[in-house]
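Colleague: Got a structure for you, questions after.
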Amino acid sequence: MTERRRISSGGPWEERVGYSRAVVVGDRAWVAGTTGTRPDGTVPATVEEQTALALEVIARALGEAGGSVTDIVTARVYITRVEEWEAVTSALRAVLGETRPALTLVQVAGLLLPAHRVEIEVEAVLGLRP
């Protein structure tokens with residue numbers, strides 16, 4: 143039987159809502175929707191900073207799972223302001239480089255907090271060769 147491993151980032155919403163930052167089963171990892179929220183609960187002002195911070199949290203979760211951002215095969219990105227799509231994808235490219243996962247980018251009416259302008263979830267296959 144395959145084991146499920148749960149990874150927590152210690153963020154304020156995980157316990158309150160009842161989810162894990164990431165779940166690992168075998169060589170697969172799923173990272174929950176991640177916003178650019180600092181440990182103290184504050185949110186950076188710009189979408190670029192929010193995207194970079196969300197990707198840092200995702201990278202830490204994947205690192206704890208035994209992988210890295212180069213293992214990402216699928217990413218789903220939710221933005222609240224469609225006109226910011228280029229800033230968001232620029233920040234994604236800066237971190238993901240040539241990984242180039244399958245990507246979905248959609249505009250949504252809102253996220254959990256009004257200050258949140260981007261949320262990212264990913265799936266990864268751990269140990270992929272570049």
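Going by the numbering used here, the letters in the sequence shown line up with residues 143 to 272, in that order.
Virtual Cβ for every residue (Gly too), placed ideally from N, Cα, C.
Three-state secondary structure (DSSP) at Leu204?
Modeller: If DSSP states are grouped into helix, strand and coil, Leu204 belongs with the helices.
Colleague: What distance in whole Å lies between the Cβ atoms of Arg259 and Ile200, which are believed to be in contact at a cut-off of 8 Å?
Modeller: Their Cβ separation, rounded to whole angstroms, is 16 Å, which puts Ile200 and Arg259 out of contact at 8 Å.
Colleague: Since Pro243 and Ile214 should fall inside the 8 Å C-beta cutoff, what is the C-beta to C-beta distance between them, to a whole number of angstroms?
Modeller: Right, their Cβ atoms sit about 5 Å apart.
Colleague: Return the residue from the list Val185, Pro154, Ala217 that minimises the CA-CA distance to Val267.
Modeller: Taking only the C-alpha atoms, the option nearest Val267 is Ala217.
Colleague: May I ask you to report which of helix, strand or coil DSSP gives Leu245?
Modeller: Strand.
Colleague: Measuring only the C-alpha atoms, how far is Gly178 from Arg271?
Modeller: Each residue's alpha carbon lies about 28 Å from the other.
Colleague: In the DSSP assignment, what residue or residues form a beta bridge with Tyr161?
Modeller: According to DSSP, Tyr161 bridges with nothing at all.
Colleague: Would you call Gly153 buried or exposed, if buried means 16 or more other Cβ atoms sit within 10 Å of its Cβ?
Modeller: Buried: at least 16 other Cβ atoms inside 10 Å.
Colleague: Are the beta-carbon atoms belonging to Gln249 and Val224 less than 7 Å from one another?
Modeller: It is a contact, given that the beta carbons lie within the stated cut-off.
Colleague: Please list the terminal residues of the continuous beta strand (DSSP E) segment that includes Val267.
Modeller: From DSSP, the beta strand (DSSP E) with Val267 extends over 260-267.
Colleague: How far does the alpha helix (DSSP H) with Arg271 in it reach, from first residue to last?
Modeller: No alpha helix (DSSP H) contains Arg271, which DSSP labels as neither H nor E.
Colleague: Considering only the alpha carbon of each residue, which of Ala257, Val173, Arg202 lies closest to Val189?
Modeller: Measuring from the Cα of Val189, the nearest candidate turns out to be Ala257.
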